[in-house]
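Written out below as structure tokens is the structure these notes cover.
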Amino acid sequence: MAAAEPKPPAGAAAAGRLARGCWSAFWDYETPKVIVVKNRRLGVVYRAVQLLILLYFVWYVFIVQKSYQDSETGPESSVITKVKGITFSERKVWDVEEYVKPPEGGSVFSIITRIEVTPSQTLGTCPESVRVSNASCDTDEDCVAEQLDMLGSGLRTGRCVPYYQGSAKTCEVWGWCPVEDGASVSQFLGKMAPNFTILIKNSIHYPKFQFSKGNIEHRKDGYLKRCTFDEVSDPYCPIFKLGFIVEQAGENFTELAHTGGVIGVIINWDCDLDLSASKCNPKYSFRRLDPKHVPASSGYNFRFAKYYKVNGSATRTLIKAYGIRIDVIVHGQAGKFSLIPTIINLATALTSIGVGSFLCDWILLTFMNKNKVYSHKKFDKVCTPRRSSGSWPVTLALVLGQAPPPPRPCSADPGQSLATPPPWPCPASAPSEQMADTPASEPSRQDSTLTDPRGLAQL
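In structure tokens, the structure reads:
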């Protein structure tokens with residue numbers, strides 16, 4: 001007697017059924033079913049959501065953001081600057097060649113407003129500055145010979161010598177002497193600086209649209225020699241007074257001239273190229289760029305030196321300059337109508353309107369009193385019966401979708417064999433169902449019409 005075959009484990013059988021069910025469900029086709037729900041409150045929510053989505057796309061997306069346009073950001077730009085004016089300090093008169101650094105006329109330049117001058121420095125030995133760490137000393141043993149401090153003024157000699165003034169002592173160094181703290185003289189250049197004029201010549205180009213424009217009006221009557229910038233009357237005269245720039249940035253000129261700072265001149269070119277070129281105009285704004293409220297890094301200064309010879313010895317004048325640095329920054333965006341972004345955004349708008357249906361379906365199936373009834377009406381499962389392939393008109397009608405297949409109960413087991421079913425009558429499907437939010441006890445009406453059990457056999 002043959003031994004009985006071992007049965008597969010229950011878990012394996014369940015996994016197999018699950019796999020067969022998933023594979024069968026993968027080939028299912030889903031189609032929408034239209035149900036009209038007579039509920040005023042749900043209808044108000046549905047139309048309100050649609051209206052909000054429509055207003056968002058019409059007002060914000062198309063009018064404000066102009067999403068129907070193809071855009072380009074970051075124009076190609078060139079900036080040329082020129083400063084004019086003279087000023088004076090306690091000791092001399094200063095012109096443009098002396099107080100503008102660098103003098104090339106680029107988009108970043110500095111206007112010197114105060115200086116600390118250390119004249120007649122020569123290579124030799126002198127006391128180190130008291131501001132250098134470990135520079136103070138009492139005896140020579142406190143100073144290490146040939147020690148080089150990166151923040152100091154020179155190479156230490158190993159001697160402890162008296163400071164320039166007072167009773168303090170510091171280590172002696174070999175370098176440019178006297179050091180900056182020992183003999184510097186301060187001079188203020190900012191008395192006439194508010195009246196300095198700055199010409200900012202800017203031209204931009206958008207290569208995608210082959211559009212170019214500049215910020216100077218094309219006139220030949222000496223217009224630039226007698227005008228200054230005014231946003232209303234002279235928008236194409238880019239000549240600004242330094243005092244006007246500082247004032248527009250919200251700063252005090254006297255304080256800024258003593259400590260130094262960085263002011264940004266921002267030129268914005270936002271152009272709608274669907275309009276005429278005269279509508280594309282530069283917009284100027286001004287603000288301070290450096291952190292003035294941080295004591296450790298407040299202000300702006302730099303050092304430079306002027307070299308010469310005295311009796312054959314190399315000599316220099318060291319200048320620590322405080323000033324107002326101007327940074328000209330150019331940015332912008334151009335847009336022009338294009339069919340591709342228009343179609344994309346229109347399709348997005350039409351698709352987003354379906355959010356109203358999703359929200360109302362969620363409310364209908366979750367929070368309404370008769371949500372089970374709604375769910376039963378909304379979701380149907382139709383299984384196609386197996387037919388013999390003897391009648392080609394019926395097969396053709398089923399393939400073309402011209403005749404609805406007769407319903408049959410869905411088999412839970414895909415492998416179950418079925419005999420050839422008798423010809424069941426097929427109910428005629430209505431294009432839509434209307435359903436009112438009525439008490440659950442009222443029976444639902446369902447119209448059905450018997451059709452030819454052979455489908456479209458006359459075909």
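Residues in the sequence shown are numbered consecutively from 1, following the UniProt record's numbering. Every residue, glycine too, gets a C-beta built ideally from N, C-alpha and C. What you are looking at is a predicted structure, and each value in this text was computed from that prediction instead of being measured.
DSSP beta-bridge partners of residue i
| i | result |
| --- | --- |
| A321 | I115, F302 |
| R288 | I263 |
| C171 | C160 |
| T315 | T122, Y308 |
| H331 | N268 |
| I245 | I245 is not bridged to any residue. |
| C177 | T122 |
| K336 | D70 |
| K283 | N268 |
| D234 | D230 |
Nearest to residue i (by Cα), restricted to the options the options
| i | options | result |
| --- | --- | --- |
| F196 | K241, D181, Y206 | K241 |
| T348 | H331, Y68, Q333, R47 | Y68 |
| Y99 | S129, G323, H331 | G323 |
| G124 | F244, D230, A168, L155 | L155 |
| A314 | G299, A321, W176, H331 | W176 |
| H293 | T259, S167, L18 | T259 |
| R91 | E104, E116, G74, E146 | E116 |
| T113 | V58, S133, L318, E255 | E255 |
| Y205 | G243, T228, C143, L273 | The displayed chain sequence assigns His, not Tyr, to residue 205. For H205, the nearest C-alpha among the options comes from L273. |
| V179 | P119, A14, L148 | P119 |
| I63 | V49, V34, N345, Q165 | N345 |
| P341 | V37, K213, S71 | S71 |
| residue 474 | I245, C237, I35 | With the chain running from 1 to 459 in the structure shown, residue 474 is simply not present. |
| A321 | V310, G335, G299, V330 | G299 |
| F209 | R159, P75, G356 | P75 |
| R47 | V355, E231, K378 | V355 |
| Y207 | G335, Y308, S110 | The sequence as given places Pro at residue 207; Tyr does not occur at that position. Looking at the Cα atoms, G335 is the closest of the given residues. |
| E141 | S153, I53, C126, T170 | T170 |
| I319 | P103, N39, Q187 | Q187 |
| N268 | W362, T73, C126, V373 | T73 |
| Y326 | E30, I353, I53, I111 | The sequence shown places Ile at residue 326, not Tyr. For I326, the nearest C-alpha among the options comes from I111. |
| M192 | Q165, N39, G85 | G85 |
| S88 | S338, F358, P194 | In the sequence on display, residue 88 carries Phe and not Ser. Nearest C-alpha to F88: P194. |
| S212 | D361, Q333, L364 | Q333 |
| L151 | V328, N134, L359 | N134 |
| D138 | V132, R159, V34 | R159 |
| Q65 | C271, V328, K370 | C271 |
| K279 | L350, N215, V161, A12 | N215 |
| K306 | A15, T122, S375 | T122 |
| F379 | L51, A13, E30, R17 | E30 |
Residue interval of the beta strand (DSSP E) (run including residue i)
| i | result |
| --- | --- |
| N202 | 197-206 |
| F211 | 211-214 |
| I239 | 239-241 |
Span of the alpha helix (DSSP H) around residue i
| i | result |
| --- | --- |
| N268 | Careful: N268 lies outside any alpha helix (DSSP H), inside the beta strand (DSSP E) at 261-272. |
| F229 | Taken as a continuous stretch (DSSP letters only), F229 belongs to no alpha helix (DSSP H), as it is neither H nor E. |
| F188 | Element bounds for F188: not the alpha helix (DSSP H) but the beta strand (DSSP E), 185-188. |
| residue 496 | Outside the modelled stretch of the chain, which goes from 1 to 459, sits residue 496, for which no answer is possible. |
| D361 | 355-366 |
Complete runs of the beta strand (DSSP E) confined to the segment 111-169 [at least 3 residues]: 154-162
The segment 282-302 in contact with the segment 246-265 per 3-pair CB rule at 8 Å: yes
Secondary structure, beta strand (DSSP E): runs of 3+ residues fully inside the segment 48-119: 69-73, 76-84
Segments assigned beta strand (DSSP E), at least 3 residues, entirely inside the segment 17-43: 35-38
Stretch pair the segment 31-49 + the segment 249-262: three plus CB contacts closer than 8 Å: no
Touching by the beta-carbon criterion (3+ pairs, under 8 Å), the segment 201-210 and the segment 68-83: yes
The segment 53-63 touching the segment 164-175, judged by at least three CB pairs closer than 8 Å: no
contact_flag[the segment 145-155, the segment 95-110] where n(CB pairs < 8 Å) is 3 or more: no
Inter-stretch contact (C-beta, 8 Å, three-pair minimum) for the segment 7-27 and the segment 302-317: no
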